[in-house]
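Participant: Each residue of the sequence shown is one higher than the one before, counting from 1 in full-length UniProt numbering.
Positions of the beta carbon are idealized from the N, C-alpha and C atoms, including for glycine.
Here it is, the structure in full.
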Amino acid sequence: MEGLPGKENDLTISLVVNNGVLFMSLKDSPNTETHPNGLWQFDEEQWWHLADPPVQYGLGKLMVVSGHLYGVSHNILYRFDINRRFWYDTMKFLPDFSNFYQGDGKVLLHKGGTTDPQLSMLTLDAAGQGTWRDLAFPFTGLDGKPHIDMLEDTFSDIWYKTNYDGVYHYDAQAETWELANNDSGALTLGADGTLYLSYEVTKHTQISTFFRYVRETKGWEQLHATRGYGIGGVALSPGGHVFMSGGRFGEFVVENTKLWEVQDTYDGQGLSSDESKGVSSKVTSNMASGVVYCVNKFAKQDQEITRIIGLKPALTSKHYYDSDLKMNYSSFLTHGVTEFETAAIKILLEKHLLLATNTVQEAGGTKAGVLQIISIDGQPREIDSLSLEAPVLDMDIDRKNISGHTVIATTKGLLVIKNHDIAALSDPTQSINPAAIERARYPTATELLHSSEHKRVSCCGPNGEIAAILDTTHNITVYHSDLSVQWTKTVSRSFVEDIAIDPDHELVIVVGFDNKKLPSGNPVQVAFVTAWSLTTGNFVMQLFGFDGADLSSNIADTRLYRAVIGPDRFLYIGGESAGTETIFRYDGKNYEGVEKIQKIDFYNDLWNTKSAQITYHARVDLAARTLLRGQLTMARLKSDGTSNTLRLKDGDLCVGSDGSIVLVGSANSQINNRDATRLDGAKVGEYAGAEPSLLWVRPDFRGRNGWSVMVLGDKHKGGTLNACDIWDETLAVSGHIKASSESNDTSMAGYAPTSDSAIIKEPLLSFPTAAEGDGVTTTLQAGWMATVPLRLEPMNITYTDDSDSTSADGDDSESSAVGREVRHGVLVSCLLLVAAATRFVVRA
1 MEGLPGKEND LTISLVVNNG VLFMSLKDSP NTETHPNGLW QFDEEQWWHL
51 ADPPVQYGLG KLMVVSGHLY GVSHNILYRF DINRRFWYDT MKFLPDFSNF
101 YQGDGKVLLH KGGTTDPQLS MLTLDAAGQG TWRDLAFPFT GLDGKPHIDM
151 LEDTFSDIWY KTNYDGVYHY DAQAETWELA NNDSGALTLG ADGTLYLSYE
201 VTKHTQISTF FRYVRETKGW EQLHATRGYG IGGVALSPGG HVFMSGGRFG
251 EFVVENTKLW EVQDTYDGQG LSSDESKGVS SKVTSNMASG VVYCVNKFAK
301 QDQEITRIIG LKPALTSKHY YDSDLKMNYS SFLTHGVTEF ETAAIKILLE
351 KHLLLATNTV QEAGGTKAGV LQIISIDGQP REIDSLSLEA PVLDMDIDRK
401 NISGHTVIAT TKGLLVIKNH DIAALSDPTQ SINPAAIERA RYPTATELLH
451 SSEHKRVSCC GPNGEIAAIL DTTHNITVYH SDLSVQWTKT VSRSFVEDIA
501 IDPDHELVIV VGFDNKKLPS GNPVQVAFVT AWSLTTGNFV MQLFGFDGAD
551 LSSNIADTRL YRAVIGPDRF LYIGGESAGT ETIFRYDGKN YEGVEKIQKI
601 DFYNDLWNTK SAQITYHARV DLAARTLLRG QLTMARLKSD GTSNTLRLKD
651 GDLCVGSDGS IVLVGSANSQ INNRDATRLD GAKVGEYAGA EPSLLWVRPD
701 FRGRNGWSVM VLGDKHKGGT LNACDIWDET LAVSGHIKAS SESNDTSMAG
751 YAPTSDSAII KEPLLSFPTA AEGDGVTTTL QAGWMATVPL RLEPMNITYT
801 DDSDSTSADG DDSESSAVGR EVRHGVLVSC LLLVAAATRF VVRA
């Protein structure tokens with residue numbers, strides 16, 4: 001890239017947009033013949049040199065004040081006449097050359113050093129005339145560091161950010177200063193008037209927390225927490241979107257509770273891998289076109305490459321993070337029982353819910369299962385309830401064929417109901433099929449397969465096959481569509497946890513873990529994935545399942561609990577690792593070497609961790625017998641960022657039509673951005689123990705669409721989500737919630753089904769209240785379920801082996817990638833490259 005400066009050169013660039021046109025000041029150019037210093041204009045195709053600097057000392061920072069373009073040259077403020085291409089001297093001397101800032105019709109000036117700063121403002125009229133006014137900043141003895149900022153908000157108030165000593169606010173009406181926040185960071189003003197502050201709340205975590213200023217309370221409300229330190233930016237659109245430049249941590253777009261990640265900035269620009277890296281700064285935007293312009297730098301050999309890039313985030317992407325989890329419907333599920341648990345939940349073809357629960361009606365009683373069909377079409381209502389002889393352990397539904405099966409695994413056998421019978425039960429306009437009810441309540445011998453416990457079940461075979469795990473014997477059994485046995489085998493495993501049928505490759509996949517011993521003799525649990533032929537039962541492949549004697553490192557216990565074939569026909573597995581020194585970091589064929597895990601931020605990074613249980617999920621290409629990508633996710637203590645438990649045990653995993661993944665279970669303190677988490681606009685309650693968790697990961701594993709805890713009020717005492725299902729763009733979840741309850745207390749601090757409830761929507765039941773003792777507080781447990789609308793992209797994603805395991809600090813691990821995943825992140829186009837892809841024209 002000829003004409004670009006070496007590292008010893010001090011190239012200075014300033015960018016502004018005025019009336020939809022991008023202008024650039026260039027100072028200390030290494031080649032003044034091809035790239036003269038002074039003012040440049042970009043016309044969307046090429047750069048034009050408009051004018052030399054006003055004086056020989058060069059042109060520095062540019063500003064737009066009241067629609068006019070201003071520049072500073074040798075401490076003098078100049079106004080540019082674009083028609084005459086001429087600089088006018090305003091006769092305004094700026095005592096401090098570097099620390100001046102653009103206000104609304106004003107120039108803001110910082111001088112006098114950063115320990116005892118003197119802050120002033122210059123109001124300019126249309127002719128560029130005005131007078132200085134001392135803002136009488138009263139605070140002294142500040143940190144003295146140079147990283148400061150000033151801005152004016154839509155109320156004409158002034159904000160001054162120090163490096164370490166906090167953020168200060170000048171009330172323009174009262175003409176008074178106050179300390180607005182003890183912590184410093186980065187300030188950004190949205191076009192809608194929203195003022196954002198971003199800084200690292202817990203030091204050394206590389207998590208930047210975003211707050212917005214609430215003028216009515218003079219307080220700060222948390223919105224987001226993402227990788228980085230203090231991240232600032234510019235207004236992107238009149239609607240309130242702001243573009244945040246996180247330097248080496250990447251770029252983001254924030255709008256209220258939503259956050260888009262800007263990815264693949266240089267895709268399609270013909271750049272090599274090292275040229276596709278860089279740190280952006282000096283950001284400006286064209287709100288009319290939605291384009292952000294950045295000065296971007298990266299090092300290449302002995303040069304520091306400087307370029308200008310234009311980014312146009314595609315905010316129509318459905319893959320953005322939202323700290324406010326929307327719900328279509330939610331309800332508590334039970335009253336007046338001694339024990340209660342939700343076992344499984346499925347969305348029927350008719351958009352009704354099939355819910356399996358287990359209850360003990362009275363002390364000393366036996367546990368029994370119940371199937372409920374609940375309409376979520378319009379006013380929620382229970383259509384039917386079918387009592388079963390035995391507790392339900394699992395449930396699956398064949399959605400591909402209305403003549404297929406709904407299969408329920410119980411402790412006493414395998415219950416099979418034809419889908420058309422379920423359809424009849426769930427359609428209130430049709431008469432109930434008595435035979436269907438009889439078969440469901442009193443299974444015939446052909447439907448109650450075996451008399452032993454069936455732990456897990458899958459019914460997605462290409463010819464109606466059903467596969468099941470018989471828990472007491474670790475038998476794997478495959479049934480024909482007529483419910484006769486196709487083959488069975490006993491597996492020599494310690495724990496067999498889940499089973500799935502892959503209809504495309506005609507495989508039966510089982511996951512679990514084994515008790516083994518390390519070379520030291522200490523016990524270790526080792527996860528496994530094993531696949532057999534659906535038709536013959538012959539062994540096909542295995543991932544993980546290593547001999548404990550081979551594991552001298554990466555010795556954390558690993559367990560797999562869930563296996564699901566996604567709509568994209570890939571295998572998804574989920575489990576846990578007791579720490580980050582784990583075989584889950586690799587491809588399932590090797591227990592060390594090239595890592596296959598994708599990191600988003602501190603909650604996926606492998607440092608500052610202990611032996612807490614960490615959730616693991618991965619995508620497997622069964623055709624290639626290859627693990628494509630995995631991810632480890634953990635909670636983190638707010639105090640110091642140490643890893644904490646995020647469990648999938650007793651939880652579940654399901655996959656959307658675009659390859660996005662939902663994992664439900666429980667989380668200890670605390671998930672990322674918990675303090676900003678909302679459920680239908682209502683902030684979640686305070687942490688009171690392991691709490692129900694819902695994690696929604698993007699298809700490329702490079703970001704999250706959501707991460708929430710179901711803490712429904714201040715009396716919440718924990719719980720877990722243990723079942724989930726996705727059909728179309730609806731997610732259904734179920735689990736249990738514990739809460740303190742007082743007799744005669746019907747409010748339940750937000751639990752009651754009132755018309756203005758933001759959380760319990762159209763409930764079947766409210767939370768139970770204590771039965772005895774006026775005012776006595778006790779802890780009760782109730783089942784809970786909800787449906788959540790999902791944002792799913794059209795199914796056009798292609799997965800290949802891409803080991804680009806980029807951590808939050810921007811370092812890439814060694815990669816043996818043979819392809820690249822088509823990502824559903826924000827679409828970004830690179831519009832211009834300094835001295836690379838853009839023509840420069842020097843006017844005579």
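Is Leu-470 near the ligand COA, in the sense that its beta carbon is under 7 Å from a heavy atom of that ligand?
Facilitator: The model depicted lacks the ligand COA and carries no ligand whatsoever.
Participant: Leaving out the 5 sequence neighbours to the left and right, which residues in its chain are closer than 6 Å to Val-733 when beta-carbon positions are compared?
Facilitator: Only Val-664, Leu-721, Cys-724, Ala-786 meet the Cβ criterion.
Participant: Can you say whether Ala-127 is buried or exposed, counting buried as having 16 or more other CB atoms within 10 angstroms of its CB?
Facilitator: Its Cβ having fewer than 16 others within 10 Å, Ala-127 is exposed.
Participant: List in chain order: all unbroken beta strand (DSSP E) runs of 3+ residues lying wholly within the region 591-626.
Facilitator: 613-621, all fully within the region 591-626.
Participant: Measure the Cβ-Cβ separation of Lys-589 and Leu-518 and say whether it is below 8 Å.
Facilitator: Not closer than 8 Å, so no.
Participant: If distances are taken between C-alpha atoms only, which option among Pro-567, Arg-133, Tyr-168 comes closest to Met-150?
Facilitator: It is Tyr-168.
Participant: DSSP has Gly-71 in a bridge; who is on the other side?
Facilitator: DSSP output for Gly-71 lists Leu-62, Tyr-78 as bridge partner(s).
Participant: Would you check if the region 117-135 and the region 150-166 touch, i.e. whether three or more CB-CB distances between them fall below 8 Å?
Facilitator: Touching, yes, given that three or more Cβ pairs across the two stretches are closer than 8 Å.
Participant: Give me the Cα-Cα distance between Arg-619 and Arg-559, rounded to the nearest whole angstrom.
Facilitator: For Arg-619 and Arg-559, the distance between alpha carbons rounds to 16 Å.
Participant: Kindly identify the DSSP beta-bridge partner or partners of Met-24.
Facilitator: The partner list for Met-24 (beta bridge, DSSP) reads Leu-15, Trp-40.
Participant: Around the C-beta of Gly-20, are 16 or more other C-beta atoms found within 10 angstroms, so that it is buried, or is it exposed?
Facilitator: It is exposed - the Cβ of Gly-20 has fewer than 16 other Cβ atoms within 10 Å.
Participant: What's the gap between the Cα of Val-262 and the Cα of Ser-660?
Facilitator: Val-262 and Ser-660: Cα-Cα distance of roughly 18 Å.
Participant: Would you mind sorting Gly-233 into buried or exposed? The rule is 16 or more other CB atoms within 10 Å of its CB.
Facilitator: So Gly-233 ends up on the buried side.
Participant: State the CB to CB distance for the pair Asn-673 and Ser-323, rounded to an integer number of angstroms; the pair is presumed to be in contact (CB under 8 Å).
Facilitator: The Cβ separation is near 6 Å, so the contact holds.
Participant: For Ser-708, I'd like the list of residues in its chain whose CB is within less than 6 Å of its CB, leaving aside the five on either flank, ordered along the chain.
Facilitator: These residues qualify, in order along the chain: Leu-325, Thr-677, Leu-694.
Participant: Taking CB distances under 8 Å as the criterion, tell me whether Val-55 reaches chain C.
Facilitator: Absent here is chain C; the protein component of the structure consists of one chain.
Participant: Relative to the C-alpha of residue 848, which residue among Asn-99, Gln-102, Asp-104, Asn-75 is closest?
Facilitator: This structure gives no information on residue 848, because the portion of the chain shown stretches from 1 to 844.
Participant: Output the distance between the C-alpha atoms of Val-17 and Ala-682, rounded to the nearest integer angstrom.
Facilitator: So the two alpha carbons sit approximately 39 Å from each other.
Participant: From the DSSP output, in three-state form, read off Asp-171 for me.
Facilitator: Strand at Asp-171.
Participant: Is Phe-701 helix, strand or coil when you go by DSSP?
Facilitator: Reduced to three states, the DSSP call for Phe-701 is coil.
Participant: Going along the chain, which unbroken runs of the beta strand (DSSP E) with 3 or more residues stay wholly within the region 524-593?
Facilitator: Counting whole runs of 3 or more residues, the region 524-593 contains the beta strand (DSSP E) stretches 539-544, 558-565, 571-578.
Participant: What are the uninterrupted segments assigned as beta strand (DSSP E) that are 3 or more residues long and contained completely in the region 219-253, given in chain order?
Facilitator: Fully enclosed beta strand (DSSP E) runs of 3 or longer: 219-227, 232-235, 242-245.
Participant: Who are Ile-509's beta bridge partners in DSSP?
Facilitator: The partner list for Ile-509 (beta bridge, DSSP) reads Ala-500, Ala-531.
Participant: For Leu-93, which beta-bridge partners are listed by DSSP?
Facilitator: One point to set straight first is that residue 93 is Phe, not Leu, in the sequence displayed. According to DSSP, which records beta bridges pairwise, Phe-93 is partnered with Ile-76.
Participant: Please look up how many angstroms separate the CB atoms of Ser-458 and Ala-500, rounded, as I've assumed it's under 8 Å.
Facilitator: The pair is a contact, with the Cβ atoms about 5 Å apart (cut-off 8 Å).
Participant: Please name the residue, chosen from Asn-358, Ser-385, Glu-362, Leu-414, that lies closest to Pro-391 on a Cα-to-Cα basis.
Facilitator: Measuring from the Cα of Pro-391, the nearest candidate turns out to be Asn-358.
Participant: Count Cβ pairs between the region 176-189 and the region 224-241 that sit closer than 8 Å; are there 3 or more?
Facilitator: Cβ pair count under 8 Å is three or more, so yes.
Participant: Less than 8 Å between the C-beta atoms of Arg-629 and Phe-701, yes or no?
Facilitator: Against a cut-off of 8 Å, the Cβ pair of Phe-701 and Arg-629 comes out as a contact.
Participant: Excluding five sequence neighbours on each side, which residues of the same chain lie with their C-beta closer than 6 Å to the C-beta of Asp-192?
Facilitator: The answer, listed in chain order, is Gly-240.
Participant: If you reduce the DSSP assignment to three classes, tell me which class residue 847 lands in.
Facilitator: Lying outside 1 to 844, the shown extent of the chain, residue 847 is not represented and no answer is given.
Participant: Cβ of Asn-31 within 8 Å of Cβ of Asp-52?
Facilitator: Contact flag unset, no.
Participant: Quick check on the DSSP output: the beta strand (DSSP E) that includes Asp-725 runs from which residue to which?
Facilitator: Per DSSP, Asp-725 belongs to the beta strand (DSSP E) from 716-727.
Participant: How about Ala-466 and Val-510: are their beta carbons less than 8 Å apart?
Facilitator: A small correction: the amino acid at residue 466 is Ile; Ala does not occupy that position in the sequence shown. Against a cut-off of 8 Å, the Cβ pair of Val-510 and Ile-466 comes out as no contact.
Participant: For Ala-390, which of helix, strand or coil comes out of DSSP?
Facilitator: Ala-390 falls in the coil class under three-state DSSP.
Participant: Taking all protein chains shown into account, do 16 or more other C-beta atoms lie within 10 angstroms of the C-beta of Pro-462, making it buried, or fewer, making it exposed?
Facilitator: So Pro-462 counts as exposed.
Participant: Using beta-carbon positions only, say whether Arg-460 and Pro-503 come within less than 8 Å of one another.
Facilitator: Inspection of the sequence shows that residue 460 is occupied by Cys rather than by Arg. Closer than 8 Å, so yes.
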